[in-house]
Structures are given as structure tokens and as C-alpha cells.
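*Asks:* First the structure, which I've put down as C-alpha cells, then a few questions once you've had a look.
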């Protein structure tokens with residue numbers, strides 16, 4: 076058998092984390108914004124079900140919010156009567172193709188989460204659309220969205236998308252969710268100057284790059300990838316939440332301009348020292364569990380964060396100290412939660 080070096084083993088470990096669909100740690104599942112599969116959501120409709128005929132479903136022409144969740148719909152048709160519809164939810168059905176929506180020109184939200192859709196198509200007439208969710212399908216490309224210039228939120232979680240592309244016309248986009256896909260490079264985001272939240276968790280991304288134009292970004296989640304260095308964030312001066320857990324980061328660095336950060340998550344990496352964060356005076360949450368922190372003096376880096384309320388340091392060498400919780404409380408008196416446990420006064 077061919078020998079494998081320690082470095083190669085470490086790289087393989089990062090790769091496995093990047094490809095896992097959800098983290099095994101409770102703290103990394105705390106928010107659906109992680110980009111990982113949200114365990115509170117269904118894992119998928121049973122594709123063994125037989126689709127129903129749309130003729131068997133009663134539609135109200137006066138309804139503005141149309142909810143057709145888990146109705147075993149196999150084909151989008153017969154919806155022309157819904158001229159007043161502003162939101163249409165077709166979640167958890169058996170739909171294979173986006174079609175026959177041309178007449179619903181007043182639609183503002185379209186939810187196609189958890190179906191069997193292979194292609195983004197036939198959406199050009201929905202010019203009022205502000206939210207589109209095609210998560211948990213089998214898309215391979217981001218395409219055919221050029222006419223949706225009013226789109227503000229785009230959810231494409233858990234598909235088979237390999238590249239960020241064809242988004243240049245969506246200049247009003249505020250939220251982009253591409254977690255749990257097959258993306259390797261952060262690219263083609265320059266036109267999205269209105270973007271506030273970007274979620275890229277659980278992909279195969281190796282480098283933080285091409286983010287310079289996103290001046291309005293406040294949330295960046297890139298958990299469970301293959302990042303080894305914190306970089307490329309210097310222009311994100313409005314960033315408030317940064318999620319980098321389950322990567323291969325070894326040093327906390329590159330955050331000099333991110334002074335508005337309130338949440339910093341570097342859990343489950345390879346960090347040996349808490350450093351270069353003393354200027355982050357607005358921090359409220361600091362996640363550093365599952366690393367290699369072994370020096371209590373490192374906590375001095377957090378003393379300028381007077382509003383710090385939550386600190387995660389479990390599964391670091393520090394936790395072996397019998398006075399673990401007490402020492403954190405003494406070093407950081409503003410903290411109200413240590414790991415998953417609130418402090419009792």
C-alpha cells in the first residue's frame with residue numbers, strides 16, 4: 076500500500092469536512108444560515124409517490140398567498156386562474172420542470188423547494204419576483220435569471236451547482252444562498268453591489284477571494300469548505316457576521332478592516348492561538364471550540380469587546396483545566412454564556 080504523509084492526511088481531512096452535508100456538532104447547526112443542511116427541514120419528499128392531476132386541486136382565483144405544499148403535484152399547469160397571486164409555494168412536490176407560469180406576472184415570491192427540477196427556465200415573465208427558492212433540487216447551473224431584475228433573495232441550497240455564474244443582471248440581490256453545492260471558486264459577484272448576505276457553506280471552496288465589490292455585505296457564511304487562510308476580506312468594512320467553522324484555518328488574521336464584526340465563528344479549525352482580534356470591540360459572539368487553544372492569556376485579546384456575551388471554547392486543551400468556566404468568567408466578565416450553558420448569577 077502506498078504511504079500517505081501527515082500533510083496529505085490533513086488535507087484529506089479538510090476535504091471530507093467540505094463534502095459532508097451537515098456538521099456533527101450542535102453549535103454548527105445552530106442557525107440555518109450555515110449553508111449546511113438544516114436538520115429541522117425535511118430531508119426530501121418520497122420520490123416513490125405517484126403525482127396527482129392538477130384537476131383534483133381546487134384553486135381560489137382571489138387568493139394572494141397560494142400554498143400547494145406536499146400535494147404530490149407532478150407538473151405545473153392550470154394555474155392561470157391565480158391572477159392575484161403574489162406568493163406561490165410548491166414545496167415538496169414531484170415537479171420536474173418549471174413551466175406554465177407565464178401568466179402569473181404579479182408573483183413576488185416563488186417557492187419550489189424540494190422537487191426534482193433540473194433546470195432554471197421559463198421565468199422571464201415573472202418580472203415582479205423578489206424571492207425565488209429552488210433549493211433541494213438537482214440543478215447544475217445558475218441560468219436564465221436575466222429578466223428577474225427585482226429579485227432580492229435567491230435560494231439554491233443543496234443542488235449540484237458547480238460554479239457561481241450568470242448573476243450580473245441581479246444588481247438588486249440582497250441575499251444569495253448557495254450552500255451545499257459543488258462550487259470550488261468564489262467568482263462572478265462583482266455586479267452584486269447590493270448583496271448583504273452570502274452563504275456558501277458546504278462546498279469545495281479553497282480560497283477567500285473576489286469579494287472586494289461587496290461593500291454592503293453584512294453576513295458571510297463559508298463553513299465546511301477547504302479554506303486554510305483568512306484573507307480577501309479587507310473591503311468588507313460593513314461585515315457583522317463571519318462564519319468559517321469546519322475549515323482548515325490555522326491562524327486568525329486578515330480582519331483588520333472588519334471592525335463591525337459582532338459574530339466571529341472559527342470553530343473546528345486548526346487554530347493554536349487567539350490573536351489579531353483585539354480591535355474587534357463590537358464582538359458579541361466568539362466561536363472557537365474544537366481548536367488547539369492552550370494558553371489562558373489568549374483571552375486578553377477579547378477584553379476590548381465589552382459587549383461580548385457568548386464564548387465557545389470547549390474541546391480545546393483549555394477545557395481540561397478544572398477551573399475552566401471560572402477562569403473564563405474572570406477574564407471576560409461581560410460573558411453570559413460559555414459553550415452551551417448560560418452563566419447563573
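Residue numbers (the numbering used here): 76 to 420.
C-beta atoms are modelled at their ideal positions from N, C-alpha and C, and glycine is treated no differently.
The structure displayed is predicted, hence computed values, not measured ones.
Given a threshold of 16 other Cβ atoms within 10 Å of its Cβ, counted over all protein chains shown, does residue 346 qualify as buried or as exposed?
*Replies:* Flag for residue 346 reads buried.
*Asks:* Give me the Cα-Cα distance between residue 266 and residue 407, rounded to the nearest whole angstrom.
*Replies:* Their Cα atoms are separated by approximately 41 Å.
*Asks:* Going by the DSSP bridge assignment, what does residue 294 pair with across the sheet?
*Replies:* Answer is 272, 316.
*Asks:* Which residues bound the alpha helix (DSSP H) around residue 228?
*Replies:* Counting along the chain, residue 228 falls outside any alpha helix (DSSP H), though it belongs to the beta strand (DSSP E) covering 228-230.
*Asks:* Check the DSSP bridge columns for residue 417 and list the partner residues they point to.
*Replies:* In the DSSP output, where bridge partners are listed per residue, residue 417 has 412.
*Asks:* State the CB to CB distance for the pair residue 216 and residue 236, rounded to an integer number of angstroms; the pair is presumed to be in contact (CB under 8 Å).
*Replies:* 7 Å between Cβ atoms; contact.
*Asks:* Rounded to the nearest angstrom, what separates residue 221 and residue 332 at their Cα positions?
*Replies:* Spanning the two alpha carbons is a distance of roughly 34 Å.
*Asks:* Expressed to the nearest angstrom, what Euclidean distance is found between the alpha-carbon atoms of residue 281 and residue 219?
*Replies:* Between residue 281 and residue 219, the C-alpha separation is close to 28 Å.
*Asks:* Hey, out of 279, 242, 268, whose CA is closest to residue 255's CA?
*Replies:* Ranking the options by Cα distance to residue 255, first place goes to 279.
*Asks:* Pick from 142, 168, 151, 164: whose alpha carbon is nearest that of residue 125?
*Replies:* Out of 142, 168, 151, 164, 168 has the C-alpha closest to the C-alpha of residue 125.
*Asks:* Which word fits residue 342, buried or exposed, when buried means at least 16 other C-beta atoms lie within 10 angstroms of its C-beta?
*Replies:* Buried, since its Cβ has 16 or more Cβ neighbours within 10 Å.
*Asks:* Hey, how far is the Cα of residue 355 from the Cα of residue 315?
*Replies:* Rounded to whole angstroms, residue 355 to residue 315 spans 10 Å at the Cα level.
*Asks:* Looking at the unbroken alpha helix (DSSP H) that takes in residue 404, where does it start and where does it end?
*Replies:* Residues 399-406.
*Asks:* Can you tell me whether DSSP reads residue 186 as helix, strand or coil?
*Replies:* In this structure, residue 186 counts as strand in the three-state DSSP scheme.
*Asks:* If you draw a straight line from the C-alpha of residue 152 to the C-alpha of residue 304, how long is it?
*Replies:* Cα-Cα distance, rounded: 49 Å.
*Asks:* Using CA atoms only, rank isn't needed, just tell me which of 161, 137, 170 is closest to residue 145.
*Replies:* Of 161, 137, 170, the residue nearest in Cα terms is 170.
*Asks:* Could you name the residues of the same chain whose beta carbon sits closer than 6 Å to that of residue 198, not counting the 5 residues immediately before and after it, in chain order?
*Replies:* So no residue of the chain qualifies.
*Asks:* Work out the CA separation of residue 323 and residue 84 for me, nearest whole Å.
*Replies:* A caution first: residue 84 carries a pLDDT of 40, below 50, which makes its placement in the model too unreliable to give a value.
*Asks:* CB residue 154 to CB residue 176, shorter than 8 Å?
*Replies:* A contact, by the Cβ cut-off of 8 Å.
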